[in-house]
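Here the structure is laid out as structure tokens; the discussion comes afterwards.
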């Protein structure tokens with residue numbers, strides 16, 4: 443179990459809690475408490491656990507790239523063509539993840 447205390451402006455604390463919720467499984471989240479004094483800042487406490495990884499999760503883009511190059515070479519492509527095709531596919535996967543992240547940010551606003 444991981445315990446996290448977030449302190450900051452209320453909107454930043456809420457955004458950070460959402461981001462942490464995407465990375466970890468939040469078990470409990472406290473109400474928002476104002477910081478002491480004349481501060482506009484707030485505190486939120488989280489208890490979280492590491493999410494179990496799906497099968498195949500944790501495989502790096504580099505490992506996927508090397509496996510794809512081997513596969514393409516096995517299909518008869520020359521080394522340079524196989525590497526270029528694998529790089530294009532890796533770039534597409536990265537672009538898709540970035541787009542999904544940006545879409546998630548828009549939805550959370």
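In the numbering used here, the protein residues as written are 443 to 551. Just so you know, even glycine gets a beta-carbon here, dropped at the ideal spot from N, CA and C. Small disclaimer: the values here were computed from a predicted structure and weren't measured.
How about residue i and residue j: do their beta carbons lie closer than 7 Å?
i, j, result
"residue 447", "residue 487", "yes"
"residue 552", "residue 528", "Nothing about residue 552 can be reported from this structure: the residues present for the chain run from 443 to 551 only."
What is the DSSP secondary structure of residue i, reduced to helix, strand or coil?
i, result
"residue 518", "coil"
"residue 502", "coil"
"residue 451", "coil"
For my contact list, residue i and residue j are in at a C-beta cut-off of 8 Å; report their separation, rounded to the angstrom.
i, j, result
"residue 503", "residue 532", "5 Å"
"residue 477", "residue 467", "Residue 477 to residue 467, Cβ: 27 Å. No contact."
"residue 483", "residue 451", "6 Å"
"residue 471", "residue 459", "6 Å"
"residue 491", "residue 444", "7 Å"
Quickly, what does DSSP pair residue i with across the bridge? List them, please.
i, result
"residue 470", "489"
"residue 476", "484"
"residue 446", "488"
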